[in-house]
Structure formats: structure tokens, C-alpha cells
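**Student:** Using the numbering used here, read the sequence shown as starting at 3 and increasing by one per residue.
Ideal placement from N, C-alpha and C gives every residue a C-beta, glycine not left out.
If you're wondering where the values come from, they're calculated on a predicted model, not measured in any experiment.
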Amino acid sequence: MAAMGSLVSVERRERVALVTLERPEKRNALSIELREELAGAFEQLAADDGVACAVLTGAGPAFCAGMDKSQFGGDRRNRERLVESSVAAFGAVGRFPKPAVAAVNGPA
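1) Touching or not, the segment 12–20 and the segment 69–79, by the rule of three or more beta carbon pairs under 8 Å?
2) Quick one: what does DSSP say Ala110 is sitting in, helix, strand or coil?
3) Which word fits Val85, buried or exposed, when buried means at least 16 other C-beta atoms lie within 10 angstroms of its C-beta?
4) Judging by CA-CA distance, which residue of Ala91, Gly42 and Val103 is the nearest neighbour of Leu1?
5) Checking the sheet assignment: what are the DSSP bridge partners for Val12?
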């Protein structure tokens, strides 16, 4: 599997999928778009019989700064996307049927 998108990359190393948060300039803060890409990546990996496990890490010096608070608020649709993308991402990771490991680099 090649790179997923601009905010989440997936690299295959034999049967291991290395999933990397690719937003180092924001310490990999979880934007709406990043959460949407993360959900898609884990859903695809769950369905891939060639993947035995996943390793989640962050690009740059920090694993993940948490939610991107700059996107909080806004109109109703933005607030809905905040919730929907969170449910999708955290649900996809939580339901992942294979072993998943966080390779925490730096602050988390």
C-alpha cells in the first residue's frame, strides 16, 4: 500500500503497516482532515489480509499534540465534522482487528 494522503502515510514493511501522522509543523495535531485520513487508513488496513499488524507513529519530533484546537467552534457543520471525524478515527483504530502499537516519539 502506498501513501494514503498528505496527512497520513502508510508504508508496508512485509506484513507490518507503518502508519505515520504527517503534520510535524503542528506537532501532528489531529485536524479534521487528519482524523478523516486516519480513519480511512485503518479501515483499509483492517480489510487487507496481507497486513498482520500496524504501528502508529508521528513525523518529526512529536508523536501527537492532541486535537487541533484551532478548528474548534465555527458553524454547525464544522462542529458536526469535528465530532464525526473523531468518532470515525478513534472508532477505526479501536475496532482494528489486528495488533496495533503506538511508537511514541517525543511528546505525546
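**Tutor:** Reading it off the structure:
1) no
2) The residue labelled residue 110 in the question sits at position 108 within the sequence shown. Of the three classes helix, strand and coil, the one that applies to Ala110 here is coil, per DSSP.
3) Residue 85 sits at position 83 when you count from the first residue of the sequence shown. Exposed is the call here.
4) What is shown of the chain runs 3 to 110, which leaves residue 1 out entirely.
5) Translated into positions along the sequence shown, residue 12 becomes position 10. Looking at the DSSP assignment, Val12 forms a beta bridge with Val21.
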